[in-house]
Amino acid sequence: MQAAFPDVPKDSSDRHVAPAKSTQIMVETHGLLDALMVDDPAAAYALSLREQGTFLDYQLFGDEIAVEAPPGVSTAFPANRGDPMAPGAYVVHTGDKVRVPYLADPFAAGIALRGPLGELTRMFDGTWPDVQSLRLRLRRTGGGEPQLTVGAGAAPIEIGLPPATIVQLRISAALRPADLEQTWVWSLIKDLAPPEALEELRALATGGGHWMLTPFRTLELVHAVQKPLRAPKVESASLARVADGTFVDYSDIHIDLDAHSTGIVDVTAEWTDEVDTGGEHRVIARTGHAFQVRVAYDDVAGVFPVAPDPCAEPAPPRTRQEIGDTRHHVVKLRATGTTRFREYFPRELWLDEQNLTRTGELSQEMHIVSTRAPEPPRIAYMLPTFEWKDVGELERHRIGGGLRIYLERPWFSTGEGEQLAVLIAAPDLMMSDADNKYISRWGHDPIWRPSSPDALASQLTAAHLFRADGPLVVVPNKPDLQVTAIAFHVYFSSERGLWFCDIELDPGAAYFPFVRLALARYQQHSLPGRELSRVIQADFAQ
1 MQAAFPDVPK DSSDRHVAPA KSTQIMVETH GLLDALMVDD PAAAYALSLR EQGTFLDYQL
61 FGDEIAVEAP PGVSTAFPAN RGDPMAPGAY VVHTGDKVRV PYLADPFAAG IALRGPLGEL
121 TRMFDGTWPD VQSLRLRLRR TGGGEPQLTV GAGAAPIEIG LPPATIVQLR ISAALRPADL
181 EQTWVWSLIK DLAPPEALEE LRALATGGGH WMLTPFRTLE LVHAVQKPLR APKVESASLA
241 RVADGTFVDY SDIHIDLDAH STGIVDVTAE WTDEVDTGGE HRVIARTGHA FQVRVAYDDV
301 AGVFPVAPDP CAEPAPPRTR QEIGDTRHHV VKLRATGTTR FREYFPRELW LDEQNLTRTG
361 ELSQEMHIVS TRAPEPPRIA YMLPTFEWKD VGELERHRIG GGLRIYLERP WFSTGEGEQL
421 AVLIAAPDLM MSDADNKYIS RWGHDPIWRP SSPDALASQL TAAHLFRADG PLVVVPNKPD
481 LQVTAIAFHV YFSSERGLWF CDIELDPGAA YFPFVRLALA RYQQHSLPGR ELSRVIQADF
541 AQ
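In this text, residue positions in the sequence shown follow UniProt numbering: the first is 1, and each later residue adds one.
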């Protein structure tokens, strides 16, 4: 049964259920032709010819038979008896019941259904050989649990299914008690089973529940929907990269979805790159397919870990995305769900994926970390920054004091969020003279006498930079040396065609000290140990 959004093509779907086809020899073995052979041999012969009958014998059904077919497929009945229909065409019997056109299995008295909806036995109408079919009706319901309803007389057996529900039932033949007594399997059961269990076993056997007597077939009932019932959304995921790698691996993926109606989820990553090639500076929006996962019908949790066994069932999702560079990106993931029931709908709908999919909202921001260290900064020049403020007519105050550092292009060697870091000594760290080039230092201008001998320490601290302590980072090529990186944002000057960074300093009681900064590019979102570029020492500035 199909259901489309917003329109529903039909609310129900009917199927006729008939007894299995038998042969003339089997019918003779049961003795069902004996009386006719004596009283009316011609009628017995005519009945035997029904062995060749099929539900395609349109001459038998008059106006209660029709042929349905997709556009462009012939709806003509086969010219010769036994020939197949045109590919894609099928016969529809429009009556409430259908007289079986062939020799029915004499022992098939009815049908037995077993499954999550319960158990049901119902007998065929009519007497052999003029047995009539039963009808199963699949009915659309708005929600809740599947329902089984048994009508009286010619009313069909109704099964109500909510959208995107799949139910499997076992269908087998039901036996008459008298026919059961003629089977050898039942004679064995009576000999071996305890007497007190015989009635229960008899009910099971006549109700189609014994495989050796009435083997079952699995009947799958489907309420197909054209699109997932709701759009999927990526709630969270773990992103991992390797050193110098240009790809990202996703794991522990949590997607909020409707598993019953969603068969496949495709996830795309969306981000923007701030690109500076040295000749132009622009922001580029990018989109890339991240990964695809197949959703099991009962996977209501929507969690997709990467299975360690590539032969596992179901197969682990391929969750590696090739980014094409080693830089840091701030991405948002968008999930698109495809209906589980694509094959149930006409092929013309397949031409436009939007007919079969729902696309969800963007996820929260996630970081694809940089996999290599930044390039070292290149300083164009530095300028002191301060402001003079007049106080009265004869007094002037100097406010602030810092440096504006202009940087050569290009920037963003490690992607979004790349900053300029001022390196200072880690707290309580004893450093050798050889390592002093990795930290920022300053000192008095010898022209000016300090107000006290200890007015200015030789090493800068975070307090001098109006900042809290930054992270401890390892100096490249010095794995045993950690320094504190105080990171500052950089900005682009379209007037000068350079990047710049403003660093405010607090010299305390010192007057116009000389400063020599140890600088490096810093990328917070990097693999451990790859946050910092090679350290450079700026020229002395005052």
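In this text, a Cβ means the ideal position worked out from N, Cα and C, and glycines have one as well. None of these values were measured; they are calculated from a predicted model.
Spatially closest choice to residue i from the options, by CA coordinates
i, options, result
"D125", "L148, A380, I253, P156", "P156"
"A541", "S493, A197, I379", "I379"
"P106", "A42, P87, L175, G142", "L175"
"A154", "L532, L180, V98", "V98"
"D502", "P513, A487, D191, G209", "A487"
"Y250", "V91, R516, H367", "H367"
"D506", "F55, W442, V473, L519", "W442"
"H328", "S440, S172, E274, L36", "E274"
"K127", "R140, L103, L120, E196", "Note that residue 127 corresponds to Thr in the displayed sequence, not to Lys. Checked all of R140, L103, L120, E196; the closest Cα to T127 is L103."
"P163", "R137, E181, P228", "P228"
"F291", "R320, I405, T272", "R320"
"V490", "F412, V265, V473, A425", "F412"
"V295", "E64, Q52, D256", "D256"
"E343", "Q59, G31, A46, A224", "A224"
"R516", "I536, G497, L498", "I536"
"P476", "K332, R372, E220", "R372"
"F247", "I253, G288, L56", "G288"
"G82", "D191, G53, V422", "G53"
"P346", "D428, R496, G88, E495", "G88"
"Q132", "E181, D96, V185", "D96"
"G110", "A173, A86, T149, R135", "A173"
"I424", "P384, V303, A485", "A485"
"A408", "V473, G529, R496", "Residue identity check: residue 408 is Glu in the sequence provided, not Ala. Taking only the C-alpha atoms, the option nearest E408 is R496."
"R334", "A269, G279, E280", "A269"
"Q364", "P374, K233, D298, E418", "K233"
"F514", "I166, L403, T218, L472", "L403"
"W499", "T359, G279, I189, G208", "G279"
Limits of the unbroken beta strand (DSSP E) element including residue i
i, result
"K233", "233 to 240"
"V38", "Careful: V38 lies outside any beta strand (DSSP E), inside the alpha helix (DSSP H) at 34 to 39."
"I111", "110 to 115"
"Q168", "166 to 174"
"M123", "118 to 123"
"L134", "134 to 140"
"Q147", "147 to 150"
"R15", "12 to 17"
"Y250", "247 to 256"
Unbroken alpha helix (DSSP H) run spanning residue i, endpoints
i, result
"K190", "184 to 192"
"L177", "One point to set straight first is that residue 177 is Pro, not Leu, in the sequence displayed. Looking at the DSSP string, the run of the alpha helix (DSSP H) that includes P177 is 177 to 180."
"A425", "Here A425 belongs to no alpha helix (DSSP H); instead the beta strand (DSSP E) covers 419 to 425."
"V27", "24 to 29"
"R202", "198 to 206"
In DSSP terms, what residue i is bridged to
i, result
"K97", "Looking at the DSSP assignment, K97 forms no beta bridge with any residue, so it has no partner."
"W128", "Bridge partners of W128: none, in fact."
"H289", "T268"
"R217", "I171"
"G160", "R139, Q147"
"T262", "T339"
"G302", "Paired residue(s): none; G302 is not in a bridge."
"V275", "R282"
"L407", "I379, W499"
"K21", "A104"
"R294", "I264"
"G415", "H328"
"A541", "V515"
Which parts of the stretch 319 to 404 are runs of the alpha helix (DSSP H), unbroken and 4 residues or longer, counting only runs that do not cross its ends? Scanning the stretch 319 to 404 for uninterrupted alpha helix (DSSP H) segments of 4 residues or longer gives nothing; none is fully contained.
Pair every Cβ in the stretch 213 to 223 with every Cβ in the stretch 232 to 241, then say whether three or more of these pairs are closer than 8 Å. Segments in contact, no.
Whole runs of the beta strand (DSSP E) within the stretch 55 to 107, excluding any shorter than 3 residues: With a minimum length of 3 residues, the continuous beta strand (DSSP E) runs that stay inside the stretch 55 to 107 are 65 to 68, 90 to 93.
Pair every Cβ in the stretch 425 to 442 with every Cβ in the stretch 469 to 484, then say whether three or more of these pairs are closer than 8 Å. Yes, since at least three Cβ pairs between the stretch 425 to 442 and the stretch 469 to 484 fall closer than 8 Å, the two stretches touch.
With a floor of 4 residues, list each alpha helix (DSSP H) that falls wholly inside the stretch 471 to 536, ordered by position along the chain. Those alpha helix (DSSP H) runs which fall completely within the stretch 471 to 536 and span 4+ residues do not exist here.
Touching by the beta-carbon criterion (3+ pairs, under 8 Å), the stretch 262 to 278 and the stretch 325 to 341: The stretch 262 to 278 makes contact with the stretch 325 to 341: 3 or more CB pairs, one atom from each, lie closer than 8 Å.
May I ask you to verify whether the stretch 337 to 357 touches the stretch 259 to 269, counting CB pairs closer than 8 Å and requiring at least 3? Contact holds: three or more Cβ-Cβ distances are below 8 Å.
Count the C-beta pairs between the stretch 112 to 121 and the stretch 134 to 150 that are closer than 8 Å, then say yes if the count reaches three, no if not. Contact between the stretch 112 to 121 and the stretch 134 to 150 is present: three or more C-beta pairs spanning the two stretches fall below 8 Å.
With three or more C-beta pairs closer than 8 Å as the rule, is the stretch 61 to 70 touching the stretch 34 to 49? Verdict: no, contact absent.
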